[in-house]
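Engineer: Residue numbers (our numbering): 1 to 162.
For each residue, glycine too, the CB sits at the ideal point set by N, CA and C.
Bear in mind that the values here come from a model prediction, so they are computed numbers and not experimental data.
Next up, the structure:
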């Protein structure tokens, strides 16, 4: 698949133009135009970049990339090292932040609701940004302690519960 074709598909699917985000969504680092292997992860950290290199990926698709608003824009230290590796290995870096949080089917909120067994009842928008806060119903109902144990079991993570 050609990068341009994949980017058009992802832009159509995730509609990043609808979000007022803290980072640029879409292609952040350009690599080979011919995409055969994609590696995905949460953040463009060293371990994920190394895995992409080892697996000979052409494109890295992540939720947290680079170039955040308020962040030093200079390519120094860790950011320089990581972007240099991507460029040396001709790996594209594609980032979707808020569009992946808010997507009604593929997004983090939708997937979390699915895994936890919540029935989504409403989505709350803030200004011009689409709904990023979701409200759901848990059937059967649970106490706070029971829900914390449920989260721990389903996500293999102990929640901070007060």
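Leaving aside the five residues before and after residue 98 along the sequence, list all residues of the same chain whose C-beta is less than 6 Å from its C-beta, in chain order.
Structural biologist: Closer than 6 Å at the Cβ level, and outside the excluded window around residue 98, lie 19, 21.
Engineer: Assign residue 161 to buried or exposed, taking buried as 16 or more other Cβ atoms, counted over all protein chains shown, within 10 Å of its Cβ.
Structural biologist: Classification for residue 161: exposed.
Engineer: Please classify residue 107 as buried or exposed, where buried requires at least 16 other C-beta atoms within 10 Å of its C-beta.
Structural biologist: That one is buried.
Engineer: So, using beta-carbon positions, are residue 136 and residue 113 closer together than 9 Å?
Structural biologist: It is a contact, given that the beta carbons lie within the stated cut-off.
Engineer: Between residue 94 and residue 59, how many whole angstroms is the CB-CB distance? I'm expecting something under 8 Å.
Structural biologist: Going by Cβ atoms, the distance from residue 94 to residue 59 rounds to 6 Å, so yes, they are a contact pair.
Engineer: Could you compute how far the alpha carbon of residue 139 sits from the alpha carbon of residue 73?
Structural biologist: Answer to the nearest angstrom: the Cα atoms are 47 Å apart.
Engineer: Among residues of its own chain, excluding the 5 on either side of residue 36, which ones have a beta-carbon nearer than 7 Å to its beta-carbon?
Structural biologist: The answer, listed in chain order, is 58.
Engineer: In angstroms, rounded to a whole number, what distance separates the CA positions of residue 46 and residue 52?
Structural biologist: So the two alpha carbons sit approximately 10 Å from each other.
Engineer: For residue 26 and residue 33, which I take to be in contact (beta-carbon distance under 8 Å), what is that distance rounded to the nearest angstrom?
Structural biologist: The Cβ separation is near 15 Å, so there is no contact.
Engineer: Would you list the one or two residues that DSSP bridges to residue 46?
Structural biologist: Answer by DSSP bridge pairing: none, since residue 46 is not bridged.
Engineer: Can you name the residues that DSSP bridges to residue 34?
Structural biologist: 2.
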